[in-house]
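Numbering (my numbering) for the sequence shown: 4 to 282. For every residue, glycine included, the Cβ atom is placed at its ideal position computed from N, Cα and C. The model shown is predicted, which means the values in this text are computed figures rather than measured ones.
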Amino acid sequence: MTDHSNGIGPARDELVAALQWQIDVGADEAIGDQPVDRFVAAAQNTAAVATPSAAKPASAKPAATALAPQDAVAASARSMAESAADLVALRDSLAAFDGCSLKTTATNLVFGVGQSKADVMLIGEAPGRDEDRQGVPFVGVSGQLLDVMLGYVGLSRDENVYITNILPWRPPGNRQPTDAEIAACLPFLTRHIALVAPRILVFLGGTAAKTLLGRSEGITRLRGQWYEYASPALENVGIEPIPVMATLHPAYLLRQPAQKRAAWKDLLSVRQRLDTLTK
Ligand code: URA
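Here it is as structure tokens:
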């Protein structure tokens, strides 16, 4: 190694090695001679940004047409959903809707399956991995259990049932849907219900029951009882409120098989009610 030192300071090779060490530990940005308190600088920037609105006269109002971002999403969802004349058009509108970020992480839109004029419409929570892959609701293990249970009371997606979800896109990792995701997609679901116009609705699990009944109790409290579902989307097309049974989600039944008895009871009640409505 060449020694460039003049005998007073460190040799060049030692300086290069010291610089290389700094780069290796991540200190690769040139800084000034004096320390800077970046917290003070950030606070000053915030104050500078805040000043103009703080100085606004108290009477200043936002422009009447300005919508908060979530309201704008809801308004666009409503107008797209309302203008869909049938299920095919509604599916196309939903596919074109960019107001729910789940669309960007999902593989497929999971719209609905079954008979477009079904006696019974079931509404679950959101697609899981299998549904996301195939673009069809309830095709995984919980869907298989659901089909078996429906079959015992004479219901099937091939004959008299239609199935959809609160959300049409899979939340990553099957996490709970957020309130904002549900609110963004809800106008499409309310129109979906109005277009199918079933005799009976069945809400599968807490997310569907709480969202569509506007209740805060858990599904174990809400299940097993009859409710009525009404919405402006139904009123717009002259449909009377629809009877609803809330029941346990099949994924929950797979984890808690002892609860199947309660879900059977609910489905038998659905069968009886359907028989009285179709007599
Ligand atoms: N769980 C749901 O809520 N919906 C599906 O489509 C599948 C599983």
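query: Contact the segment 127-134 vs the segment 156-173: 3+ CB pairs below 8 Å; result: yes
query: Proximity to Ser145 [Cα-Cα], best of Leu256, Gly227, Leu192, Lys268; result: Leu256
query: Nearest neighbour of Ser272, chosen from Ala75, Ser234, Arg226 [CA to CA]; result: Arg226
query: Any non-hydrogen atom of ligand 1 closer than 8 Å to Leu251 Cβ; result: no
query: Those residues, in chain order, that have a beta-carbon closer than 7 Å to some heavy atom of ligand 1; result: Val113, Gly127, Glu128, Ala129, Pro130, Gly131, Glu134, Pro140, Phe141, Gly143, Ser145, Gly146, Asn168, Leu207, Gly208, His252, Ala254
query: CB contact flag (Arg194, Ala236, <9 Å); result: yes
query: Helix, strand or coil at Trp172 [DSSP, three-state]; result: coil
query: Residue closest to Ala80, alpha-carbon to alpha-carbon, out of Trp267, Leu189, Glu231, Ala265; result: Leu189
query: Bounding residues of the beta strand (DSSP E) (the contiguous stretch that carries Phe206); result: 203-207
query: Bridge partner(s) assigned by DSSP for Leu125; result: Ile166, Val205
query: Contiguous alpha helix (DSSP H) assignments of at least 4 residues, all confined to the segment 206-250; result: 209-216, 222-225, 235-239
query: DSSP-derived helix/strand/coil call for Val144; result: helix
query: Limits of the unbroken alpha helix (DSSP H) element including His300; result: Given that the chain is displayed from residue 4 to residue 282, the structure contains no residue 300 and the question cannot be resolved.
query: At least 3 beta-carbon pairs within less than 8 Å: the segment 238-246 vs the segment 191-205; result: yes
query: Of the residues Cys103, Glu17, Val156, the one placed nearest Ala266, counting alpha carbons only; result: Val156
query: Residue range of the alpha helix (DSSP H) that includes Ser272; result: 263-281
query: Cα-Cα separation between Leu215 and Tyr232, rounded to whole angstroms; result: 7 Å
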